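Below you'll find the structure, written out as structure tokens, and then a few comments.
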Amino acid sequence: MANEINNFQEIISHCKEYGYIFQSSELYDGLSAVYDYGQMGAQLKKNLRDEWWKSMTQMHDNIVGIDAAIFMHPTVWKASGHVDNFSDPMIDNKDSNKRYRVDHLIEAHVATLEKEAGETMIAEMDQLLAADDLAGLKTLIETNKIKCNISKTCNWTDVRQFNLMFSTQIGSVAEEADTIYLRPETAQGIFVNFLNVQKTGRMKIPFGIAQTGKAFRNEIVARQFIFRMREFEQMEMQFFVRPGTQMEWYNYWKDARKKWHESIGIPAEKLRFHDHVKLAHYADAALDIEFEFPFGWKELEGIHSRTDFDLTQHAKFSKKKIQYFDNDLNAEGKAYGNYTPFVVETSVGLDRLFLTVISLAYQEEKWNKEDGTEDSRVVLKIPAKIAPTKLAILPLLKKDGLPEIATALLNECKPHFHCFYEEKDAIGKRYRRMDAIGTPFCVTIDHQTKEDNTVTIRYRDTMTQERIPLSEVKNIVAKGCM
RNA sequence: GCGGAAGUAGCUCAUUUGGUAGAGCGAUAGCCUUCCAAGCUAUAGGUGGCCGGUUCGAGCCCGGUCUUCCGCUCCA
Numbered sequence: 018m019a020n021e022i023n024n025f026q027e028i029i030s031h032c033k034e035y036g037y038i039f040q041s042s043e044l045y046d047g048l049s050a051v052y053d054y055g056q057m058g059a060q061l062k063k064n065l066r067d068e069w070w071k072s073m074t075q076m077h078d079n080i081v082g083i084d085a086a087i088f089m090h091p092t093v094w095k096a097s098g099h100v101d102n103f104s105d106p107m108i109d110n111k112d113s114n115k116r117y118r119v120d121h122l123i124e125a126h127v128a129t130l131e132k133e134a135g136e137t138m139i140a141e142m143d144q145l146l147a148a149d150d151l152a153g154l155k156t157l158i159e160t161n162k163i164k165c166n167i168s169k170t171c172n173w174t175d176v177r178q179f180n181l182m183f184s185t186q187i188g189s190v191a192e193e194a195d196t197i198y199l200r201p202e203t204a205q206g207i208f209v210n211f212l213n214v215q216k217t218g219r220m221k222i223p224f225g226i227a228q229t230g231k232a233f234r235n236e237i238v239a240r241q242f243i244f245r246m247r248e249f250e251q252m253e254m255q256f257f258v259r260p261g262t263q264m265e266w267y268n269y270w271k272d273a274r275k276k277w278h279e280s281i282g283i284p285a286e287k288l289r290f291h292d293h294v295k296l297a298h299y300a301d302a303a304l305d306i307e308f309e310f311p312f313g314w315k316e317l318e319g320i321h322s323r324t325d326f327d328l329t330q331h332a333k334f335s336k337k338k339i340q341y342f343d344n345d346l347n348a349e350g351k352a353y354g355n356y357t358p359f360v361v362e363t364s365v366g367l368d369r370l371f372l373t374v375i376s377l378a379y380q381e382e383k384w385n386k387e388d389g390t391e392d393s394r395v396v397l398k399i400p401a402k403i404a405p406t407k408l409a410i411l412p413l414l415k416k417d418g419l420p421e422i423a424t425a426l427l428n429e430c431k432p433h434f435h436c437f438y439e440e441k442d443a444i445g446k447r448y449r450r451m452d453a454i455g456t457p458f459c460v461t462i463d464h465q466t467k468e469d470n471t472v473t474i475r476y477r478d479t480m481t482q483e484r485i486p487l488s489e490v491k492n493i494v495a496k497g498c499m
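Here the numbering used here is used: the first residue of the first sequence is 18, the next is one more, and so on.
See the structure below:
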């Protein structure tokens with residue numbers, strides 16, 4: 018484990034040194050748990066996003082993609098339950114440093130009381146919660162001598178409100194009614210557009226709506242590099258199904274999503290399922306696809322069976338009917354008719370996926386050269402199809418007409434994939450630089466090229482090289498990146 | 001949020017008890033060489049995270065603060 022932690026720090030350093038990830042506002046000492054993607058990182062992230070987008074929307078006839086706004090009507094978050102569930106009064110015990118949700122603490126205490134006294138206390142608590150009376154809640158806890166389970170003391174901090182949603186105002190006048198939130202999840206943008214997409218796209222159930230985009234959570238503790246950030250990007254797809262079939266689709270997507278991760282080079286043994294025991298208020302089944310990060314097994318993607326909770330809630334809060342008319346015939350030969358679809362959600366953290374790919378790709382290699390001396394390199398073995406730069410074009414010398422041939426090759430290739438051209442420094446050094454940023458293919462133009470129109474192609478992962486026709490470079494690299 | 005550790009050049013680090021900061025690698029320009037970090041020359045890059053205090057004098061001592069990592073906690 019010590020090695021792995023060490024390794025994790027080296028990955029973080031490497032990400033910075035080679036333009037993958039920088040801390041946000043580093044010039045001003047940084048902003049906690051916010052990161053920027055650099056020139057290499059932005060491209061890798063885009064490639065991951067594109068790969069996901071293609072697998073969802075292009076490869077499934079019945080899934081379409083949308084791009085909903087980050088700002089949404091405030092009532093959306095009341096309907097979704099985020100206003101109630103995302104902002105909880107909390108209190109800390111100063112002796113044990115244990116933090117409790119105030120309502121949980123009081124409810125646990127109530128469970129030890131007589132029925133009548135308990136009900137009185139719950140009623141009092143509800144009143145205080147409704148009035149946002151934080152001082153009153155603390156008084157309630159203290160007068161009833163509610164103790165911490167660990168320290169067995171009543172040494173409490175003040176009750177504080179933690180709201181995991183960021184808020185801001187729309188319009189220039191700061192009034193209560195104008196407060197809006199930065200979305201804490203992208204899913205609601207899909208739910209509120211369910212009818213728009215279904216009707217304009219003439220979608221038939223079962224069908225899905227996919228979306229990628231930023232979401233924001235004011236985490237109490239945000240840490241572990243880009244694993245838990247305050248601003249992060251989700252890639253999610255809501256799959257609308259006929260009520261009663263949700264478990265079938267839940268299992269379908271569970272397998273489909275794991276296979277997708279494997280398709281971008283994540284080894285199966287580094288992935289596992291983790292079923293949720295305690296379910297969220299909206300779900301009837303939920304699991305995580307976990308990856309073995311350098312700091313342990315952690316959630317990479319969530320698969321949730323969200324029932325009809327979200328659509329029902331939005332129908333209720335908007336006072337509009339959100340239903341689907343299903344013309345398919347059931348076993349009795351009658352149309353299924355009107356119903357509120359059930360939803361199976363797949364939701365990946367793009368930043369987590371990025372971290373997964375980088376932590377798998379990062380390798381330090383050592384070997385002995387022919388003369389017996391030791392040699393080494395740091396290489397990012399990013400699968401070719403998601404690597405930020407696909408091909409480096411390197412004239413062996415920057416004279417004798419070699420740069421001209423190289424430039425012509427560059428111009429031929431760059432409309433098709435991302436290339437990098439370099440004529441400085443010894444060839445070995447240039448190879449190492451390409452290893453460090455994860456370029457899967459290098460092509461070197463030398464004097465022989467002028468004679469027989471062949472070049473050397475050098476493979477990042479094996480460091481082997483072979484002679485290929487100059488005219489084949491584009492096709493070979495393009496094929497290697499599929 | 002609590003506790004622990006840390007912050008010196010792009011990276012990795014040095015700077016013995018307080019006396020105005022160095023190296024290796026890397027980078028840039030040039031020469032030479034040419035298939036796996038070669039050589040030579042030159043150049044750039046740090047108000048020691050930031051603010052304050054003690055001191056004749058602080059990278060070093062003290063306080064605060066920001067950031068990161070680790071453990072706990074939290075994660076609808």
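No residue lacks a Cβ here, since even glycine has one placed at the ideal position from N, Cα and C.
Only a predicted model underlies this, so the values are computations on that prediction, with no experimental measurement involved.
Excluding sequence positions up to five away, which residues of its chain have a Cβ less than 7 Å from the Cβ of residue i?
i    : result
F342 : G354, N355
Q380 : V396, K398
I243 : I38, Y52, D368, F371, L372
M499 : K402
M57  : Y35, G36, Y37, P405, I454
M480 : none
For residue i, which residues of its own chain have a beta-carbon under 8 Å away from its beta-carbon, when the five flanking residues on both sides are left out?
i    : result
N470 : P486, L487, S488
E279 : A285, L288
A50  : E236, A239, R240, R245, M246, R247
G389 : none
Would residue i and residue j qualify as a contact pair, given that the criterion is a beta-carbon distance under 8 Å?
i    : j    : result
I474 : Q465 : no
T456 : L408 : yes
L328 : T373 : no
H99  : P223 : no
I375 : I281 : no
L304 : F326 : no
Y267 : I320 : yes
M254 : T363 : yes
I410 : V460 : yes
L519 : L145 : Summary: the structure shown does not reach residue 519, with the chain confined to residues 18 through 499, and so no result is reported for it.
V360 : F458 : no
F308 : L317 : yes
W70  : T229 : yes
T217 : L199 : no
Q215 : A232 : no
Given this structure, state the Cα-to-Cα distance separating residue i from residue j, to the nearest angstrom.
i    : j    : result
G188 : Q60  : 35 Å
M220 : N79  : 7 Å
L367 : H435 : 21 Å
I462 : P412 : 5 Å
N20  : S30  : Only weak support is given to the placement of N20: the predicted model assigns it a pLDDT of 42, under 50, and the question is left unresolved by the model.
V490 : P260 : 52 Å
P405 : D150 : 53 Å
M264 : I306 : 17 Å
D46  : K441 : 34 Å
V294 : R323 : 15 Å
I258 : Q340 : In the sequence on display, residue 258 carries Val and not Ile. Using only the alpha carbons, I get a separation of about 12 Å.
Y476 : M107 : 55 Å
Q205 : W94  : 8 Å
G445 : F312 : 34 Å
F249 : I87  : 12 Å
S97  : G153 : 28 Å
N344 : A332 : 22 Å
E27  : D452 : 16 Å
G55  : F437 : 16 Å
K386 : S393 : 10 Å
I22  : F310 : A caution first: I22 carries a pLDDT of 47, below 50, which makes its placement in the model unreliable, though a value can still be read off. So the alpha carbons of these two residues sit roughly 10 Å apart.
T262 : L181 : 33 Å
Near residue i, what residues of its chain come up, given a Cβ to Cβ distance below 6 Å and the 5 sequence neighbours on each side ignored?
i    : result
N64  : I403
M142 : I123
F334 : T92, A96
Practice task
May I have a chain-ordered list of the alpha helix (DSSP H) segments no shorter than 4 residues that lie completely inside the region 190-239?
Solution key: Segments of the alpha helix (DSSP H) lying fully in the region 190-239: 204-208, 211-217.
Practice task
Could you tell me whether the region 203-222 touches the region 68-87, using the rule of 3 or more Cβ pairs below 8 Å?
Solution key: With contact defined as three or more Cβ pairs closer than 8 Å, the region 203-222 and the region 68-87 are in contact.
Exercise for the section: Report yes or no: do three or more beta-carbon pairs, one from the region 230-246 and one from the region 119-132, lie closer than 8 Å? Expected result: Touching, no.
Practice task
Starting from the N-terminal side, write out each stretch of the beta strand (DSSP E) that is 3 residues or longer and does not extend beyond the region 327-378.
Solution key: The qualifying runs are 341-346, 352-356, 359-366.
Exercise for the section: Enumerate, from N- to C-terminal direction, the unbroken alpha helix (DSSP H) stretches of 4 or more residues contained entirely within the region 374-461. Expected result: Those alpha helix (DSSP H) runs which fall completely within the region 374-461 and span 4+ residues are 419-430, 444-454.
Practice task
Jot down the residue ranges of each uninterrupted alpha helix (DSSP H) in the region 242-281, minimum 4 residues, whole runs only, in chain order.
Solution key: Taken in chain order, the unbroken stretches of alpha helix (DSSP H) that lie wholly in the region 242-281 and span 4 residues or more are 263-280.
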